[in-house]
Amino acid sequence: MKADIDFTAFFDATPSPYLMLDTDLVIAYANAAYLRATGRTRDQLIGKYFFEALPERPGIPRDTHQNVKSSLQRVLDTGEPDTLVLSRYDIPVVGRPGEFEERWWSEIHTPLSGPDGRVRWIVQRAEDVTAFVRSHRARRLTEDFTEREKGMAAELYARAGELERLNEELRSAHAREQQVAITLQEAMLSAPDLTRHNDNVAVRYLPATTSLNVCGDWYDIVDLSPDRYAAAVGDVVGHGLQAAAVMGMLRSALSAVIRAIPSPAQALEVLGLYARSLDGATAATAVKVLIEVRSNLIIYSNAGHPPPVLLHSDGSFELLDQATDPPLGARPYHVPRPQAGIPYTSGDTLVMYTDGLIERRGEDIDVGLERLTTALAQESTLAPGKMADWLLTSLDIAEGAADDVALVVIRL
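3 is the number of the first residue of the sequence shown in our numbering; add one for each residue after it.
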């Protein structure tokens, strides 16, 4: 039997202060106790970036407030709760601009994941312990506490130290796993044939900023003959080592298939059959292109992936969107995949990418696609490497994005 619970009413009735943040650290909810603790109204908090709604106090050591920011980032990075046993974060005085009140907090930051397993929300429980920190009894513990009170304080102190120790162990374990992930990613994205295309092909990979530095996006370049080569990009749903493992298997399988079956559509058909046998690969997407150098022709097939862009030197462009089909493992039975061809002129540029390049929270994907093509048109004659860097900078993800990004730029 499922209980019919009004969770908003529940949290508003809770005496502990609670706040809910999205992954951009924008406040989505604050309960009544949080409003009382901070002296703010809901309009002053809801929809505001946390560090704008509750700005840092100027003129005090940077790490005084940095603890809160670092804790929130650790939750986004690891997907694990993080505790600040005692943290100072001063609050602006209501009605007196520029004045702050010294405040001390005991905070727990807890992640809430969405259906895809990624952190979607952070719940902040912030108990105001300023009165205790300022109290005479806290400053003169050994003089004023009874033996029983001393024992209770000592136990609380020991538990607080244990929490800090466990947090540090979690951070160290995350750092070790992160290094393993980076090494794994570099090994799986190795493309030996890419070295023969240094003059005309540039690739970039950016890990997601809110997860381990390993995800499910990938690229590949395969030489088939002196006048033919293939390129691919793909995306496995999810983050972390599991997504990376699935990505590695799909990428290796497609790299092998295209050598035996040069047709992009047939290669994706075989890969789709394989994807249905892999846990976590059902919703994976990929686009495969075969570049015929002698005939100046691109042959392609797309399994649920954003369309590549063929950019002409005059800034005009065409989308490779005439052979699009569902993701690799979406169909329960085999259906031939579509294939299309498009001619190109020497000097044109083919841009292939994963959705992290164009997708933004709360925005239609067509808006992101238009942003990409506008940026390409502005610098249509840049060399591949410079064009790749220009795209990452102009799309404001050079320092990373919420999702990982794979990018391939080919000068034809």
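C-beta atoms are modelled at their ideal positions from N, C-alpha and C, and glycine is treated no differently. All values reported here derive from a predicted model rather than from experimental measurement.
- For the segment 31-96, the full-length alpha helix (DSSP H) segments reaching 4 residues or more read 34-40, 44-47, 52-55, 64-80 along the chain.
- Counted as a single uninterrupted DSSP element, the stretch harbouring Gly343 is not any alpha helix (DSSP H) but the beta strand (DSSP E) occupying residues 342-345.
- The beta carbons of Arg296 and Asp229 sit about 4 Å from each other, so the pair counts as a contact at 8 Å.
- A buried status is given to Arg76, since no fewer than 16 other beta-carbon atoms sit within 10 Å of its beta-carbon.
- DSSP, reduced to helix, strand and coil, places Asp195 within a helical segment of the structure shown.
- The C-alpha of Val121 is placed about 6 Å away from the C-alpha of Leu78.
- Distance from the CA atom of Thr10 to the CA atom of Asn33, rounded to whole angstroms, is 8 Å.
- The Cβ atoms of Ala255 and Leu270 do not sit closer than 7 Å to each other.
- Here the alpha carbons of Asp391 and Ala408 stand approximately 12 Å from one another.
- Straight-line spacing of the CA atoms in Gly282 and Leu37 works out to 42 Å.
- A distance of 7 Å or more separates the beta carbons of Ser108 and Val125.
- For Leu371, there is no enclosing beta strand (DSSP E); the enclosing alpha helix (DSSP H) covers residues 367-380.
- When only Cα atoms are considered, Lys388 and Leu397 end up about 14 Å apart.
- When the Cα atoms are used, Ala332 and Asp219 turn out to be separated by approximately 18 Å.
- Taking the C-beta atoms as reference points, Val235 is found no nearer than 7 Å to Thr85.
- Taking the Cα positions, Thr40 is about 50 Å away from Val411.
- Between Val224 and Ile260, the C-beta gap is smaller than 7 Å, which places the two residues in contact.
- In this structure, Ala277 and Ala286 form a Cβ contact; the two beta carbons are roughly 6 Å apart against a cut-off of 8 Å.
- Distance from the CA atom of Val70 to the CA atom of Phe53, rounded to whole angstroms, is 10 Å.
- The DSSP assignment places 9-15 as complete runs of the alpha helix (DSSP H) inside the segment 3-27, in order along the chain (cut-off: 4 residues).
- Straight across, the Cα-Cα distance linking Pro60 with Pro94 is about 11 Å.
- With a 10 Å radius around the Cβ and a threshold of 16 neighbouring Cβ atoms, Pro209 comes out buried.
- Within a 10 Å sphere around the beta-carbon of Thr351 sit 16 or more other beta-carbons, which makes this residue buried.
- Each of Ser72, Leu394, Leu414 was checked against the Cα of Ile110, and the nearest Cα belongs to Ser72.
- Taken through DSSP and simplified to helix, strand or coil, Leu330 comes out as coil.
- Judged by pairs of C-beta atoms under 8 Å, the segment 294-313 touches the segment 331-346, as three or more such pairs exist.
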